[in-house]
Amino acid sequence: EALCQAKEVVGNTICSFDAQYHQDNLLRVSLKSQIPKALENQEFRLVYQPQIDIQTKTLIGMEALARWEMQRGTMVPPGQFIPIMEQMGLIGAFGTWVMKTACVQNKTWQNAGLRAIKMAVNVSAQQFSDNQLMAAVEEALAVSGLDPQWIELEITEGTAMQDIERTRAVLRDLKNVGINVVLDDFGTGFSSLAYLKNLPLDGLKIDLSFIQQLPHSATDRAIVIAILKMAKVLNLYVIAEGVETAAQLDFLQDEGCDMAQGYFISPPKPARDLEPLWDEMGQR
Ligand code: C2E
Ligand code: CA
Ligand code: CA
Ligand code: CA
283 EALCQAKEVV GNTICSFDAQ YHQDNLLRVS LKSQIPKALE NQEFRLVYQP QIDIQTKTLI
343 GMEALARWEM QRGTMVPPGQ FIPIMEQMGL IGAFGTWVMK TACVQNKTWQ NAGLRAIKMA
403 VNVSAQQFSD NQLMAAVEEA LAVSGLDPQW IELEITEGTA MQDIERTRAV LRDLKNVGIN
463 VVLDDFGTGF SSLAYLKNLP LDGLKIDLSF IQQLPHSATD RAIVIAILKM AKVLNLYVIA
523 EGVETAAQLD FLQDEGCDMA QGYFISPPKP ARDLEPLWDE MGQR
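Going from the sequence shown to full-length UniProt numbering is simple: count from 1 and add 282.
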């Protein structure tokens, strides 16, 4: 109602924006009301996207990505339901489930005799800033029996820079347990070099927006080369996300990027579909 009134007051120009806003809002409200039932019905699952060592082209990791498959088969992307879960205060429990499920899957692959690889798990801003992260990690380690060296947490650059002292303390705790941490969506969050220098990080994940126009865009070539040089100085490994073409992978290989992930290598898939990759991308 308030929206309709505003529309009348401001006139027609803003109408389409209002309509879009209204629709987004309806979607959010509707998803929100469905999340508790969906959790109960176990409509959430994880898919995994392979990461390769660019120089040797061998499989070295997987990123766990959450999926919501509604009962009528509709897929809701995580970009839509994760923010709502954060808002509802459900992300702590959900994040713990993701962490546990991903670690158990990784251990299952190891137990099947497949060469050990790391499992990257996304940590949301709110999960990172509450005090439960360490407990979630420890629970996942205990339940799965996975060695901590095979977990990697992905924290967005934006999240890490919100409260740098806190970030430093959390990363130190994680480091003490032997867990790797990388900055996700790197290049989008305005990190200062001084901060980066003082954070106990293991790697950087270059945001896909800098990868997509490679190798054509001179600006993006320069940005990626600069990130790679800086990472070398800071002794951090670099993962490129969103690699979609052979030309992108060639460019990254020539410039000495360590790892790559993207549709060109493989889309995210359910665990059972991924086992052949150990044979296809390097021996067991
Ligand atoms: P992200 O962490 O930056 O994940 C990368 C996204 O890029 C994924 O989208 C992935 O499917 C997509 N992607 C992979 N390869 C390519 C490619 O070659 N080209 C393009 N254009 N895209 C590619 P997805 O799965 O929809 O996830 C979106 C975001 O949702 C993630 O971005 C992450 O921020 C969040 N997310 C997903 N799963 C979880 C989770 O379990 N916990 C939390 N906290 N966040 C999650
Ligand atoms: Ca990620
Ligand atoms: Ca990312
Ligand atoms: Ca992203």
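Note that CB positions come from ideal geometry on N, CA and C, so glycine has one too.
From the DSSP output, which residues share a beta bridge with residue i?
{"i": "Asp445", "result": "Partner(s): none; Asp445 has no beta bridge."}
{"i": "Ile437", "result": "Val405 and Leu465"}
{"i": "Glu351", "result": "Met357"}
{"i": "Met541", "result": "Asp335 and Ile521"}
{"i": "Leu328", "result": "Ala348"}
{"i": "Ile488", "result": "Phe468 and Ala522"}
{"i": "Thr340", "result": "Asp335"}
Kindly indicate which three-state DSSP category residue i falls into: helix, strand or coil?
{"i": "Pro549", "result": "coil"}
{"i": "Asp561", "result": "helix"}
{"i": "Asp335", "result": "strand"}
{"i": "Arg554", "result": "helix"}
{"i": "Thr470", "result": "coil"}
{"i": "Glu368", "result": "helix"}
{"i": "Val292", "result": "Reliability fails at Val292, whose pLDDT of 44 lies under 50, so the model's placement of it is uncertain and the value that follows must be treated cautiously. Helix."}
{"i": "Ile493", "result": "coil"}
{"i": "Ala417", "result": "helix"}
{"i": "Glu345", "result": "strand"}
{"i": "Ile399", "result": "coil"}
{"i": "Leu483", "result": "coil"}
{"i": "Thr527", "result": "coil"}
{"i": "Asp429", "result": "coil"}
{"i": "Asn323", "result": "coil"}
Give a single yes or no on whether residue i has its beta carbon closer than 7 Å to a heavy atom of ligand 3.
{"i": "Lys457", "result": "no"}
{"i": "Asp466", "result": "yes"}
{"i": "Asp489", "result": "yes"}
{"i": "Glu523", "result": "yes"}
Pick out whichever of the options has its Cα sitting closest to the Cα of residue i.
{"i": "Ile547", "options": "Asp536, Cys539, Leu559 and Arg554", "result": "Leu559"}
{"i": "Ser499", "options": "Glu325, Gln530 and Trp350", "result": "Gln530"}
{"i": "Arg327", "options": "Gln369, Leu478 and Lys382", "result": "Lys382"}
{"i": "Arg554", "options": "Ile488, Gln387 and Leu496", "result": "Gln387"}
{"i": "Ala398", "options": "Phe492, Ala418 and Ile433", "result": "Ile433"}
{"i": "Gly440", "options": "Leu396, Gln333, Leu308 and Ala407", "result": "Ala407"}
CB of residue i to nearest heavy atom of ligand 1: below 7 Å?
{"i": "Gln324", "result": "no"}
{"i": "Asp555", "result": "no"}
{"i": "Gly377", "result": "yes"}
{"i": "Gly371", "result": "no"}
Do residue i and ligand 2 come close, with the Cβ less than 7 Å from some heavy atom?
{"i": "Glu436", "result": "yes"}
{"i": "Asn393", "result": "no"}
{"i": "Glu439", "result": "no"}
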